[in-house]
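Below you'll find the structure, written out as structure tokens, and then a few comments.
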Amino acid sequence: MGNQVLKVFAAKDDKAAAVALSSLIHALDELDMVAIVRYAYDRRAHPQVGVAFPHIKDTYECLVYVQLPFMEDLRLYMFSSLKNNKKYTPTEAQLSAVDALIDSMSLIKKEEEEDTIEDLFPTTKIPNPQFQRLFQCLLHRALHPQEHLPPIQQHVLNMLDPPTEVTAKCQIPLSKVKALFPLTEVIKKKNQLTAQDIFQDNHEEGSNPKKLKTEEGGGHFSLSSLAEVSITKVGSVSPAEDFRVLLRQKRASFEEASLQLINHIEQFLGTNETPYFMKSMDCIRAFREEAIQFSEYQCFNSFLKALREKVEKQLNHFWEIIIQDGITLITKDEVSESPVTAEEAKKFLAPIENQNEEDTAAVLEEGGDVDDLLDLI
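Counting from 1 along the sequence shown, just add 15 to a position and that's the residue number in this note's numbering.
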């Protein structure tokens, strides 16, 4: 999880902090425990939850931080077992060949005679190739702003190469794997024409029921459809899809599912960042579509009115996105029970300033006085 491991030290020349941190490190080490901590790069960064474990060496000591996943970061994919399919059951020779290949790729070299261990790929002594390339590009752009970026330096490419000793050890096991797992090209069979296809009536308007069945049956298949069985609530990773799944499988009432969806929308808007605005828009669209389908217009209309009061002043730019997208109240043209007319739905998206101007004009037409105008301000 994450893309880096951090070492935590006390601030330089801060003896009190160094003593406190050293006490924590040794306490964790003696108790064989770790610390669950919150990490934020700065005030604007999203906080992370991670684990900090003690790291004690002869010359220094510190805490090593690694980010932990949230529940929504987990991916549970379900696949049928290969053991139940005799066609794909591996033989003993195949299993031993794969084991030998894995053993040959070990990055640790053991010397049994001298009882020593050598690290063939010492990452602690190798700089991060991504950072090296980034700094190379930044330096080149600062010194030569008009020129194209240079190619990747050879020593950076060498960092990405596996150790030559490991590559040499893998050749024999790899050749055995290739021999035991032959790859054959699958040639697509030509579509066979039936008598119905050859002598079909081109003017026939009716559709072929077999063709319809094939098109419907061969439709949407994805890994997400396999994981639908594990969805029990609206998550933060794909809330709009979770909302639809819960309603489709009737695992929650419309009111319960919509409350969960609204909660995530409020969390997304609280970040005040554009990517989460787009995610909120997906949720609102799904909410409106399902509300129309289930005739739950009142639930959506109440939500949209409350949302407008909340974001029109604090997050006016988000409300402008809603206006541009044309998401408004559900009208009686969409759900017959709804009391909202198309004109009212259109007026709902009008800015407050425009509505005030219309109300002012109405008062003047009716011969209102100054007090009436003051009441409108």
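For each residue, glycine too, the CB sits at the ideal point set by N, CA and C.
This one's a predicted model, so the numbers in the text were calculated from it and none came from an experiment.
Host beta strand (DSSP E) of residue i (start-end)
i      : result
GLU76  : 76-82
HIS61  : Segment: none, HIS61 is in no beta strand (DSSP E) and carries neither H nor E.
GLU87  : Segment: none, GLU87 is in no beta strand (DSSP E) and carries neither H nor E.
GLU126 : 123-126
Within 8 Å, strictly: CB atoms of residue i and residue j
i      : j      : result
LEU330 : ASN278 : no
ALA50  : LEU36  : no
ALA255 : ALA301 : yes
LEU344 : PHE318 : no
GLU126 : GLU133 : yes
LEU175 : PRO144 : yes
ILE40  : GLU76  : yes
ILE71  : ASP29  : no
LEU276 : ALA267 : no
VAL181 : LEU116 : no
PHE292 : ILE338 : no
LYS361 : SER353 : no
VAL350 : ILE307 : yes
PHE309 : PHE269 : yes
Spatial distance of residue i from residue j (CA atoms)
i      : j      : result
LEU21  : LEU46  : 22 Å
SER295 : GLU327 : 15 Å
GLN63  : PHE315 : 33 Å
PRO290 : ALA32  : 38 Å
GLN147 : TYR56  : 21 Å
THR138 : PHE68  : 19 Å
LEU135 : ASP114 : 20 Å
MET120 : HIS155 : 37 Å
VAL23  : TYR80  : 7 Å
VAL66  : PHE85  : 13 Å
MET16  : ALA365 : 45 Å
VAL201 : THR247 : 40 Å
GLN82  : PHE283 : 22 Å
PRO188 : ASN173 : 24 Å
PRO142 : PRO105 : 40 Å
GLN169 : GLN151 : 12 Å
Three-state secondary structure (DSSP) of residue i
i      : result
ARG53  : strand
ALA25  : coil
ASP134 : strand
GLY234 : In this predicted model, GLY234 has a pLDDT of only 46, less than 50, meaning its place in the structure is not dependable; the value taken from the coordinates is given anyway. If DSSP states are grouped into helix, strand and coil, GLY234 belongs with coil.
LYS140 : helix
HIS170 : helix
GLU271 : helix
ASN71  : First, the residue type needs correcting, since residue 71 is Ile and not Asn in the sequence shown. Three-state DSSP puts ILE71 in a strand.
LYS30  : helix
Residue range of the unbroken alpha helix (DSSP H) whose run includes residue i
i      : result
LEU149 : 144-158
GLU107 : 107-119
ILE187 : 179-195
ASP257 : 254-263
Please give me, in chain order, every unbroken run of the beta strand (DSSP E) with length at least 3 that falls completely inside the segment 283-367.
none
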